[in-house]
Amino acid sequence: MFVCEVRFECFADTTISAAQHAINHLLEAWRANGQILGREFAVSFHDGEFKARLMLPAQDSLANRHNSPWAKAALKGLTDAKILPPREKLLGQDINANESATHTPEWQLLYTSYVHMCSPVRSGDNLLPIPLYKLPATFNGDHKQLIRWQTEWQACDELQMASATKAEFAALDELCNVGSDLFRRGWDLRGRIEYLTKIPTYYYLYRVGGSSLQDELARPCPRCGSTGWRLDEPLLDMFHFRCEPCRIVSNLSWDYQ
Ligand SMILES: [Zn+2]
1 MFVCEVRFEC
11 FADTTISAAQ
21 HAINHLLEAW
31 RANGQILGRE
41 FAVSFHDGEF
51 KARLMLPAQD
61 SLANRHNSPW
71 AKAALKGLTD
81 AKILPPREKL
91 LGQDINANES
101 ATHTPEWQLL
111 YTSYVHMCSP
121 VRSGDNLLPI
131 PLYKLPATFN
141 GDHKQLIRWQ
151 TEWQACDELQ
161 MASATKAEFA
171 ALDELCNVGS
181 DLFRRGWDLR
191 GRIEYLTKIP
201 TYYYLYRVGG
211 SSLQDELARP
221 CPRCGSTGWR
231 LDEPLLDMFH
241 FRCEPCRIVS
251 NLSWDYQ
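Under full-length UniProt numbering, the letters of the sequence shown match residues 1 to 257, in that order.
Spelled out as structure tokens, the structure:
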């Protein structure tokens, strides 16, 4: 991930609120397309110029060729608000974050956690995030639905990791159960990505609990009931189970690792 400062300069008289509106619109569009990461963007105003500090999956994430139709329209909206096209200054690499995947993988998966702000689509070769704008748009010109799914998955993960409220159990059910709403939506998005990219795309099903290690090792695929989904060696040191027809990968219960 890269840290970047984007500057927006007014070229004629405008109001702060019109400028703010146009800038926020562009930031939302970039976020919905995976071109900028995170949820909150600090935008400051000084001497007729707005500055936003942004996290990018790659150095060239804001290049015009990656823009969605919405982002392109939002850029036009800047002109209407009397703002010049944004100017970028790369501040450096985020030392705490992953790089992005650079090669087309053999397979890929939908995987996130509450500490990851990067793309929820990961390479199956090395688990590196694949910037969403590099994938064909999943719905309505960008990846809004995928980002919404990620945000909700992370919220559930945060609740269950904190283990401090009764919401923990409802959250865990969303992460672990193939009957849950989060599973259904994520699994459908996974299918959409596989269809568009022609790359086998799996859904990561979180697993915790269980009554014994033996039972956990013999755990069948929760979707089709097959016991043939256990792998001899875990994939990426993490996924002990993979059901090809169901397109699900899962870990050995965290209670037994
Ligand atoms: Zn299965």
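Using N, Cα and C, we set each Cβ at its ideal position, and we do this for glycine too.
Alpha-carbon spacing of residue i relative to residue j, whole angstroms
i, j, result
"Gly191", "Asn64", "28 Å"
"Leu213", "Gln160", "22 Å"
"Tyr195", "Ala137", "12 Å"
"Thr197", "Asp142", "14 Å"
"Trp153", "Asp47", "41 Å"
"Ala18", "Cys246", "49 Å"
"Arg122", "Thr15", "42 Å"
"Glu216", "Gln20", "53 Å"
"Ala171", "Arg87", "41 Å"
"Pro120", "Ala155", "14 Å"
"Ile95", "Gly225", "43 Å"
"Leu128", "Val115", "15 Å"
"Thr165", "Ile199", "39 Å"
"Asp232", "Ser68", "42 Å"
"Leu56", "Ser211", "43 Å"
"Arg242", "Arg219", "12 Å"
"Thr201", "Ala12", "49 Å"
"Glu30", "Ala167", "A quick correction: the sequence has Trp, not Glu, at residue 30. Rounded to the nearest angstrom, the two C-alpha atoms are 32 Å apart."
"Ile248", "Met1", "28 Å"
"Ser163", "Arg230", "29 Å"
"Ala58", "Asn140", "23 Å"
"Lys72", "Cys176", "38 Å"
Nonlocal neighbours in the same chain, by C-beta distance under 6 Å from residue i, ignoring five residues either side
i, result
"Pro222", "Val178"
"Leu27", "Phe41"
"Pro234", "His240"
"residue 264", "Lying before the first or after the last residue shown, residue 264 is absent from the chain, which here runs from 1 to 257."
"Ser44", "Lys51"
"Pro105", "Ser123, Gly124, Asp125"
"Lys89", "Glu5"
"Thr227", "Pro220"
Identified DSSP bridge partners for residue i
i, result
"Pro129", "Arg122"
"Gly92", "Val3"
"Met55", "Val3, Leu37"
"His25", "DSSP, once it has assigned bridges, lists no residue as partnering His25."
"Gln108", "Ser123, Thr201"
"Ser250", "Leu205, Phe241"
Beta carbon proximity, residue i to chain B, threshold 7 Å
i, result
"Gly225", "In the structure shown, chain B cannot be found, because there is only a single protein chain."
Proximity test, residue i beta-carbon vs ligand 1 heavy atom, cut-off 6 Å
i, result
"Cys176", "no"
"Arg148", "no"
"Cys4", "no"
"Cys246", "yes"
"Ser250", "no"
"Arg223", "yes"
"residue 295", "What the structure shows of the chain is the stretch from 1 to 257, and residue 295 is not part of that stretch, so it cannot be assessed."
"Cys243", "yes"
Spatial neighbours of residue i in its chain, beta-carbon cut-off 8 Å, leaving aside the 5 residues before and after
i, result
"Ala22", "Ala74, Gly77, Leu78, Asp80, Ala81, Ile83"
"Thr151", "Arg39"
"Ser180", "Asp173, Glu174"
"Leu189", "Leu110, Thr138, Gln145, Leu146, Trp149"
"His25", "Ala74, Gly77"
"His103", "Ser123, Asp125"
Contact check, residue i vs residue j, beta carbons under 7 Å
i, j, result
"Ile130", "Ala97", "no"
"Asp255", "Gly209", "yes"
"Trp107", "Gly124", "yes"
"Lys144", "Ala32", "yes"
"Ser250", "Leu205", "yes"
"Glu99", "Glu49", "no"
"Gln93", "Leu62", "no"
"Asp157", "Ser113", "yes"
"Met117", "Leu37", "yes"
Same chain only: Cβ atoms within 7 Å of residue i, ignoring 5 sequence neighbours per side
i, result
"Leu91", "Val3, Cys4, Glu5"
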